[in-house]
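S.K.: Next up is a structure, given as structure tokens.
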Amino acid sequence: MEKTVSRICLASEPSIVHFLQVSWEKTLGSGFVITLTDGHSAWTGTVCESEISQEAVDMAMEKEKYVEELRRALTAGAEAPGAYKFSFSEESAQLSCDKNLQDVSFRLGSFSLDKVPNPSEVIRELICYCLDTITEKQAKNEHLQKENERLLRDWNDVQGRFEKCVSAKEALETDLYERFILVLNEKKTKIRSLHRLLNEGQELEKNTNLDR
Amino acid sequence: MEKTVSRICLASEPSIVHFLQVSWEKTLGSGFVITLTDGHSAWTGTVCESEISQEAVDMAMEKEKYVEELRRALTAGAEAPGAYKFSFSEESAQLSCDKNLQDVSFRLGSFSLDKVPNPSEVIRELICYCLDTITEKQAKNEHLQKENERLLRDWNDVQGRFEKCVSAKEALETDLYERFILVLNEKKTKIRSLHRLLNEGQELEKNTNLDR
Amino acid sequence: CPSTKQHFALEYDRYGDSYFVDTDLDQLKEVFAGIKKLS
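Chains as they are written, first to last, in this note's numbering: chain A, 75 to 286; chain B, 75 to 286; chain C, 52 to 90.
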């Protein structure tokens, strides 16, 4: 089950923050339970899939698009100040939500709620949900932090190996050239000495021929 | 200002979860405000530094150690089930906290609270604090997630460069040896041909001597 | 011309490395670079 809790301000009581808790099974479009509380009283209502579909038809909107709009309105809360206007009448226990555009606003949805006889239970559940979410996010934080540290260690490790490899490659090249030069110059020395012998031999032969 | 909200169960009403909100300035030992609520009523009290010091003296504990114990008890809540026992009497509005050891428990602290005339305000603040904490942790999560992705990209990048460097080093070695062998074999060919010439020269000289 | 060619052929191998003069790092690198072009 998905659940969100967000802050809203009612047009009728802008100074008192209210909390909107919305919970749904698979998708919001398959129906949801909406709970409103001001920290003292609480009202709750269930919106079924057919009502959502009907609402989308009435607004001549594609159902997916309508559900997306609804989800944003009911879960964005204070994160989207001014984007939506919520009105609630305790008499009729009717919660309505309007979407504000530049200069017009249109009714996104209106939900009939029932007053909760024992609001403290609902409020406790809402606070427990918040505390569970905090615990969950803290755990995720710690996991990501550890993951971060591991990645940083791995990065340092492979960066170190890479730097070692670069210097090893340079050292290899220098080392091989040095060896090559030694061996090659040995051969050149040999060639020079053979050449000298050959020249001497040819000198000798020339002289011998002269003698003869 | 530091603040924590945790769940506790009172010995007198184990089935009803209560919430303990503790807020303090610099350190818990310099005094704190404690608020207890069951989602309907609320009680609050301020504990000043001298009371904390006195309590530590009465318990013959070092103040730092005592404050650490107190912090754990007042903030661990449901995260440390069974470690602490909380009792609260609505008549005296006295909240006491005992630490349970194997077979004994000792009184860690006892706080006089006052009933809050308008609990919904306190409860709203507590829920807002929870929602702010959730938002903050979510933001940290997203930051860590991004950091993770960046580190992973960096790791892949340097791992790729490292692998390239390893193969480049192997290729360099092979390549240099191949070239060196070509140049060296030229010298060896030269030496063989000089040797041959020399041998022929010596043959010739021998024959010449014989002739002579 | 042929005589120069012949002179070089006596002094240098096909990769341009002298038979007689000792080589050093720069020269050998140059010879190797030449081989790279050849291949």
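Heads up, the beta-carbon is just placed ideally off N, CA and C, and yes, glycines get one too.
From the DSSP output, in three-state form, read off residue 82 of chain C for me.
M.R.: Here residue 82 of chain C refers to the residue found at position 31 when the third sequence is read from its first residue. It is helical.
S.K.: Closer than 7 Å, Cβ to any Cβ of chain A: which residues of the segment 221-239 of chain B, in chain order?
M.R.: Within the segment 221-239 of chain B, the qualifying residues are 221, 222, 225, 226, 228, 229, 232, 233, 235, 236 and 239.
S.K.: How close, in whole Å, do the beta carbons of residue 92 of chain B and residue 84 of chain B come, if the pair is a contact with beta carbons under 8 Å?
M.R.: Within the second sequence, residue 92 of chain B is the residue found at index 18, counting from 1. Within the second sequence, residue 84 of chain B is the residue found at index 10, counting from 1. Right, the Cβ-Cβ distance comes to about 6 Å (below 8 Å), so this counts as a contact.
S.K.: Quick check for students: name the residue ranges of the beta strand (DSSP E) that lie wholly in the segment 189-261 of chain A, counting only runs of 3 or more.
M.R.: Fully enclosed beta strand (DSSP E) runs of 3 or longer: not present.
S.K.: Per DSSP, which one or two residues make a beta bridge with residue 160 of chain A?
M.R.: Working through the first sequence from its first residue, we reach residue 160 of chain A at position 86. Residue 160 of chain A pairs with A:84 and A:171.
S.K.: Looking at the strands, I want to know which residues DSSP matches up with residue 122 of chain B.
M.R.: Here residue 122 of chain B refers to the residue found at position 48 of the second sequence. Its beta-bridge partners are B:105.
S.K.: By the 10 Å Cβ neighbour count, where 16 or more other Cβ atoms means buried, how is residue 82 of chain B classified, buried or exposed?
M.R.: Taking the second sequence and counting its residues from 1, the one referred to as residue 82 of chain B is at position 8. Label assigned to residue 82 of chain B: buried.
S.K.: Would you list the residues sitting across from residue 183 of chain B in a DSSP beta bridge?
M.R.: Taking the first residue of the second sequence as position 1, residue 183 of chain B is located at position 109. Residue 183 of chain B is bridged to B:171.
S.K.: Check for me: the alpha helix (DSSP H) holding residue 178 of chain A runs from which residue to which?
M.R.: Numbered from its first residue, the first sequence carries residue 178 of chain A at position 104. It is not in any alpha helix (DSSP H) - residue 178 of chain A carries neither H nor E in the DSSP assignment.
S.K.: Can you round the beta-carbon distance between residue 264 of chain B and residue 64 of chain C to whole angstroms, since I take them to be within the 8 Å contact cut?
M.R.: Stepping through the second sequence from its first residue, residue 264 of chain B is reached at position 190. Stepping through the third sequence from its first residue, residue 64 of chain C is reached at position 13. 7 Å between Cβ atoms; contact.
S.K.: Check whether the segment 240-247 of chain B and the segment 240-248 of chain A touch, using three or more Cβ-Cβ pairs below 8 Å as the test.
M.R.: With the cut-off at 8 Å, the segment 240-247 of chain B and the segment 240-248 of chain A touch.
S.K.: Listing by chain order, which chain B residues have their CB less than 8 Å from the CB of residue 202 of chain A?
M.R.: Within the first sequence, numbered from 1, the residue matching residue 202 of chain A stands at position 128. Here the neighbours are 81 and 91.
S.K.: Could you give the DSSP three-state label for residue 74 of chain C: helix, strand or coil?
M.R.: Your numbering for residue 74 of chain C matches position 23 in the third sequence. Three-state result, residue 74 of chain C: coil.
S.K.: Looking at chain A, is there any beta carbon in it that lies within less than 9 Å of the beta carbon of residue 70 of chain C?
M.R.: In the third sequence, residue 70 of chain C corresponds to position 19, counting from 1. Taking Cβ atoms only, chain A reaches closer than 9 Å to residue 70 of chain C, which makes this a yes.
S.K.: Return the residue from the list A:197, A:187 and A:258 that minimises the CA-CA distance to residue 79 of chain A.
M.R.: For this step, residue 79 of chain A is matched to residue 5 along the first sequence. When only C-alpha atoms are compared, the closest one is A:197.
S.K.: Based on DSSP bridge pairs, tell me the residues matched to residue 76 of chain B.
M.R.: As a working mapping, residue 76 of chain B is identified with position 2 in the second sequence. Beta-bridge pairing links residue 76 of chain B to B:98.
S.K.: With DSSP collapsed to three states, give me the class of residue 90 of chain A.
M.R.: As a position in the first sequence, residue 90 of chain A is number 16, starting the count at 1. Strand.
S.K.: Taking the DSSP output, what are the residues bridged to residue 63 of chain C?
M.R.: As a working note, residue 63 of chain C is residue 12 in the third sequence. Its beta-bridge partners are C:69.
S.K.: Is any beta-carbon of chain A found at less than 9 Å from that of residue 196 of chain B?
M.R.: As a working mapping, residue 196 of chain B is identified with position 122 in the second sequence. Yes - at least one Cβ of chain A is within 9 Å of the one on residue 196 of chain B.
S.K.: Checking the sheet assignment: what are the DSSP bridge partners for residue 110 of chain A?
M.R.: As a working mapping, residue 110 of chain A is identified with position 36 in the first sequence. A:94 and A:117.
S.K.: Could you say which of A:274, A:147, A:259 and A:273 lies nearest to residue 71 of chain C if we only look at CA atoms?
M.R.: Walking along the third sequence from the start, residue 71 of chain C turns up at place 20. Answer by Cα proximity: A:259.
S.K.: Spatial neighbours of residue 121 of chain A within its chain, please: CB distance less than 7 Å, with the 5 preceding and 5 following residues excluded, ordered by chain position.
M.R.: Translated into the one-based positions of the first sequence, residue 121 of chain A becomes position 47. Cβ within range, chain order: 105, 106, 108 and 185.
S.K.: What does residue 73 of chain C touch in chain A if you count any residue whose Cβ is under 7 Å from its own?
M.R.: The count along the third sequence starts at 1 and reaches residue 73 of chain C at position 22. By Cβ distance, chain A contributes 259 and 262.
S.K.: Which residues of chain C have a Cβ atom closer than 7 Å to the Cβ of residue 266 of chain B, listed in chain order?
M.R.: As a first step, residue 266 of chain B must be located in the second sequence, where it is residue number 192. The contacting residues do not exist; residue 266 of chain B stays about 12 Å from chain C at best.
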